[in-house]
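Below you'll find the structure, written out as structure tokens, and then a few comments.
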Ligand SMILES: Nc1nc2c(c(=O)[nH]1)N[C@H]1C(S)=C(S)[C@@H](COP(=O)(O)OP(=O)(O)OC[C@H]3O[C@@H](n4cnc5c(=O)[nH]c(N)nc54)[C@H](O)[C@@H]3O)O[C@H]1N2
Ligand SMILES: Nc1nc2c(c(=O)[nH]1)N[C@H]1C(S)=C(S)[C@@H](COP(=O)(O)OP(=O)(O)OC[C@H]3O[C@@H](n4cnc5c(=O)[nH]c(N)nc54)[C@H](O)[C@@H]3O)O[C@H]1N2
Ligand code: SF4
Ligand code: SF4
Ligand code: SF4
Ligand code: SF4
Ligand SMILES: [Mo]
């Protein structure tokens, strides 16, 4: 039946670029923590070299993530009320406690890690793993719990967000390994090999999850078909097919499978995957909100200033990535350094 | 409308526009939803309004612009063929006869018209004098009347009972289908036929199929509508308005009333009724005489608008005649039928014809935008040229486009700051008079205590300084024969309100509690001295209610209490005897379908072939604009701009799609750029553009007042102004908007356009 | 507000609505809504295929869902129930996190840039408690909007519900709206989402 809209008002889309950034950084932080825990908690010695840099970077990405969240609030000064006005039915209410606990645990964990107190590291790490996973899942769950938005309404979404967070973490670490090991005080002693195979596996997993998720969205409803169609051939096709899938998944996988296992191959594929994961967050947040609701279909996304804040926060993230390990060095008096020995 | 069972909207849009839009919308929506009313909207544009997908009370019927009379003639064709016309009514040759048969209006359908080209009164309605029938002696002229009343007409009908010609008001039933000969006193035979037969002949020149092809409405649909229209006795009505603003507009408006005459529904409950029924206010009323000015100077000369004036009465014509020349064509067209026209005034002024306008004054009017084709650059240039128009005064509350070209601007008050007495425009059967009074102190300059700059004070002060009678301290004659002042707007409006309060049965005094509730004591303190102690509480009764509203509906039984008692002309003698001042040819006295054509008779399609210029324009009322006005930011927020709207089938032919940036080009020059809206609700071959967008002033440009910057919001200028490129008439020398020739009505619907990708 | 069982709601008669948007404008004026935002609005679309074309007019506002996602997701319980089950936002508590805005499947909410808090239709509760009708109901040109207590069988709204075929928007979501439309199914029957999306 032909329907042409004649009068229609534009609606404000709830979440825009700062929330995308927050989801990205939170997932990244959780992933980094898990990466760090591979050796400290799960005893996978292959990953020992990246335990400390990962932990430090988990904090370095968490802080700007939280900032993004608070800046995005209409009433930023009321942020702390989240902790004494609780709604057990609200995922966001849960999330604020997850963030709080995760942040504290990650801080303590990293402190003991720097101190090389492996017993404490392990016990705090165990708690941290639970909360990191919770954090990774939570950002997806936040969206999944919202009714009426087919792109979000799937139990697979939290898992997809967690796994893509892990991909991002691994990618950032690969980039660091390839391009700036000194900045993050990384010792290049053998973790590349392990990271390489882990990454191939995990990106493949992410890809499969994405496919399953979209299939789960497409089948049940017409609205679902419409959002997926928007990703495949609509306004989000470039950022979805081109960036998220193409640049973010296929190309890195090809590089990893067909190039020599070099640090730079790992680095480049890392950069591309990182962009891909960012695109994923963008496509899901923006694309999910563009669906025609009950008779509405024009959305206005908060523009300019939010994007500027995003860029500023990304710069802050980079600075923190450099500064935080050095703060731990200074604070604990223990000098962790990269193998070229250039420590602070 | 509150009683109709079927309404044919043809060129008026219920629930979208119309006067008053809200009343019409409500009445149609409520009755249609309740299943009491069926209606069709025969319109090139589907604008929503009362049309809904729910139920089947209302339906949109797309039609080609400017072809309404063809559609109506198709209906009439079927109605005559199937005996679906009200012959009882039509054969009643006068009001009393019609009344006696249960009707409440009458027509000249049975009157005889002289068809003999040789006869000196050819094309006129046959009068008793033509036959030498004895006529009653003329009534004594009323000594009090301002102008002498013309002698009455004694039209003639073929009386059904006697089979003889008879003066129309003596016969109870005329022979409706008479076509033949009558003999005058001298024994001369005169060929005559009834007005109805002239109509019938005109209609039957073509077949239903022809009419259907012309207007683009399928034959079955025309029949279906005609059947429905004639299935409700006198509880059916026809409404149109915007469609008449076309070069074929006279025929379109005639089509409407002829249709409703054919079923006899005029002045009946559920039929077409009179509008603007009101109480006496600014008139010779029961308290004050606000119509006449003692010692009023006589207006002299000719209206500059060339409208309502037959060319044959002008000196130009007489001079030609005197010199033995063919007086046709006149320099610019003269429009003999109807009254003055502000649209034509614009073209008279810019062409300096028939004479130069020395002072041009705009008030509550923005002709550069609202007169089709007046936004052409030549018009603007002419107005700016001081040799053409030495002085322009704009009296405006906003920086309107026309006001912006003025030499002087008099700031005027807005509705919250000003007075008005107005009638309802229609769709209510009873009497209505609204009274608006200032609820805030005007923001315009304060002249003195209680006096503010506004149109009324400007007029009063100018008149006083010219020493004109009717203004100042001894200006208004009261019923007590004393003279009262006119120094301020309230002097006029409150006295007008007092007239209304006392019209017929006077209204009661305002109650004390009502007085207190609205604190009228304080609110009206400044104006108290304009009225006497007796009038004051009655006038406040009106002020408290915003006017005077008749309690009862305006019907007695099935008849309107305020019927139009004059003759409804199935044959319009005035048209039939008037001439197009360019061609010298007579207009038609009966309903015809004329294709759109220029002043000299050239058909539009001959000059601008349809395959090159496939679209006719429709400039319909915008939903969120009051004609051209948009001061309200809230309404602007709802719909910031308009679009160039066409049918998907036309779009496909042109390879255009929804949202394309396109150029709309007019055949006689001018183009406008806009966004294409492709939608199903536009008829084929039509380009629809909502009116009121595409401003170039009105705050879109910045201007300085007392050194302070005002306006400068360029978003105000958004959208397309179709009138800006409305057709001009290439067959007339000078800038002349494409117009209907008999009345001078401007063409804002129709024309020839094409669309290209921008 | 002593009555415990009050359940305020609205019935909108789509057969009557003429798409005049008076409700939109009144609501904006009554509640001082900033430019670009709406508590109430009307969607209009041409429906059908030439020459059989009609116009859908769908006046929209918060549905006052009995099971309201916006209420569930609010992390600080700023969104809560007031008299008559009306879902309202406490402007003192709201942190402006926008979660409710994304959670509302009816696009009824927005973040007011002036207050930094979420906002939506509150059925003009203040007017109602002062004995008036909601502003949009008072000003509805075609008398298409009705307000009242859905639980009171004598109320106009309850009668309309029992006498007419009424539907709510997106019933499949289980939100249980308190805003009902007469003729909604007939009005939007046949509209498909994918098509909407393409036409943007
Ligand atoms: N193309 C096209 N042309 C049309 C029409 C159409 O549908 N399409 N419609 C036609 C019709 S039906 C009409 S009635 C005419 C109307 O034609 P106009 O009467 O010329 O136009 P309006 O937009 O009603 O307003 C005229 C001007 O009045 C001024 N004004 C507004 N409020 C006030 C006030 O309070 N005081 C004073 N002093 N001035 C004020 C504003 O400057 C405004 O521009 O337009 C006709 N022209
Ligand atoms: N929303 C709104 N309402 C208004 C106004 C407004 O500006 N905006 N202005 C008020 C005023 S001043 C007036 S005079 C009235 C006018 O009220 P209307 O006469 O109802 O409005 P218009 O848009 O001028 O024309 C009516 C319809 O005629 C159609 N039409 C155009 N050409 C043709 C044709 O050749 N044949 C047929 N059958 N139809 C045709 C148009 O598409 C339009 O839908 O509205 C009043 N009400
Ligand atoms: S319509 Fe939206 S805002 Fe209103 S109650 Fe339902 S979920 Fe909440
Ligand atoms: S924006 Fe305000 S009302 Fe909405 S969920 Fe957040 S805190 Fe609650
Ligand atoms: S009830 Fe009040 S707040 Fe709600 S839409 Fe109507 S006017 Fe706006
Ligand atoms: S005010 Fe009434 S008629 Fe007008 S759009 Fe709103 S609901 Fe429809
Ligand atoms: Mo008008």
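Residue numbers (our numbering), protein chains in the order written: chain A, -2 to 341; chain B, 597 to 1354; chain C, 4 to 203.
Virtual Cβ for every residue (Gly too), placed ideally from N, Cα, C.
Computed from a predicted model, the values in this text were never measured in an experiment.
Check                                                                                                                                   : Outcome
Residue 1324 of chain B - DSSP class collapsed to helix/strand/coil                                                                     : strand
Buried versus exposed call for residue 1334 of chain B [16 or more other C-beta atoms within 10 Å across all chains shown]              : buried
Pair within 8 Å by beta-carbon distance, residue 1032 of chain B and residue 1065 of chain B                                            : no
Stretch pair the stretch 240 to 250 of chain A + the stretch 259 to 279 of chain A: three plus CB contacts closer than 8 Å              : yes
C-beta neighbour in chain B for residue 100 of chain C, strict 8 Å                                                                      : no
Residues of its chain near residue 201 of chain C, where Cβ-Cβ distance is below 6 Å and the 5 sequence neighbours each way are ignored : Here the model assigns residue 201 of chain C a pLDDT of 47, short of 50, so the residue's position is not dependable, and the following value carries that caveat. Nothing meets the Cβ criterion.
C-beta contact flag for residue 147 of chain C and residue 58 of chain C at 8 Å                                                         : no
Near ligand 4: residue 53 of chain C beta-carbon under 7 Å from a heavy atom                                                            : no
Inter-residue spacing [alpha-carbon to alpha-carbon] between residue 941 of chain B and residue 966 of chain B                          : 13 Å
Residue(s) in a DSSP beta bridge with residue 1222 of chain B                                                                           : B:1225
Integer-rounded CB distance, given that residue 96 of chain C should sit under 8 Å from residue 82 of chain A                           : 7 Å
Within chain B, the residues that residue 183 of chain C reaches when beta carbons sit closer than 8 Å                                  : In chain order: nothing, as chain B lies at least about 14 Å away.
Member of B:1150, B:991, B:930, B:1311 whose CA lies at the smallest distance from the CA of residue 1229 of chain B                    : B:1311
Length of the line joining the Cα atoms of residue 879 of chain B and residue 716 of chain B                                            : 41 Å
Rounded separation between residue 1124 of chain B and residue 1293 of chain B - CA only                                                : 40 Å
Shell residues, 5 Å Cβ cut-off relative to heavy atoms of ligand 5                                                                      : C:30, C:42, C:43, C:64, C:124, C:126, C:127, C:137, C:138, C:139
Expected contact under 8 Å - CB spacing of residue 813 of chain B and residue 659 of chain B to nearest Å                               : 6 Å
CB of residue 180 of chain C within 8 Å of CB of residue 68 of chain C, strictly                                                        : yes
Nearest-angstrom Cβ-Cβ length linking residue 794 of chain B and residue 1186 of chain B, presumed shorter than 8 Å                     : 5 Å
For residue 875 of chain B, the three-state DSSP class (helix, strand or coil)                                                          : coil
Close Cβ partners of residue 211 of chain A (< 8 Å) along its chain, the five nearest in sequence each way excluded                     : 225, 228
Interface flag, residue 627 of chain B vs chain A, CB-CB below 8 Å                                                                      : no
Residues of its chain near residue 908 of chain B, where Cβ-Cβ distance is below 6 Å and the 5 sequence neighbours each way are ignored : none
Within the stretch 99 to 159 of chain C, ranges of the beta strand (DSSP E) (whole runs, at least 3 residues)                           : 113 to 115, 120 to 122, 148 to 152
Continuous alpha helix (DSSP H) stretch holding residue 1015 of chain B: start and end                                                  : Looking at the DSSP string, residue 1015 of chain B is not in any alpha helix (DSSP H), and its letter there is neither H nor E.
Identity of the residue in B:1304, B:629, B:852 nearest residue 1164 of chain B by Cα                                                   : B:852
The stretch 614 to 623 of chain B / the stretch 1011 to 1023 of chain B touching (three or more Cβ pairs under 8 Å)                     : yes
Neighbour-count burial assignment, residue 785 of chain B, 16 or more Cβ in a 10 Å radius                                               : exposed
CB contact check: residue 341 of chain A to chain B, cutoff 8 Å                                                                         : Only weak support exists for where residue 341 of chain A lies, its pLDDT of 37 falling under 50; the value from the coordinates is given anyway. Output row for residue 341 of chain A: interface = no.
Residue 10 of chain A: CB within 7 Å of a non-hydrogen atom of ligand 3                                                                 : no
Residue 22 of chain C: CB within 7 Å of a non-hydrogen atom of ligand 6                                                                 : yes
Neighbourhood of residue 1027 of chain B by C-beta, 8 Å cutoff - its chain only, sequence neighbours within 5 removed                   : 873, 874, 875, 1144, 1145, 1146, 1150, 1158
Within 8 Å, strictly: CB atoms of residue 329 of chain A and residue 121 of chain A                                                     : no
One or two residues paired with residue 83 of chain C in a DSSP bridge                                                                  : C:91
Neighbour flag for residue 1233 of chain B against chain C, beta carbons, 8 Å                                                           : yes
Under the three-state DSSP convention, the category residue 50 of chain C falls into                                                    : strand
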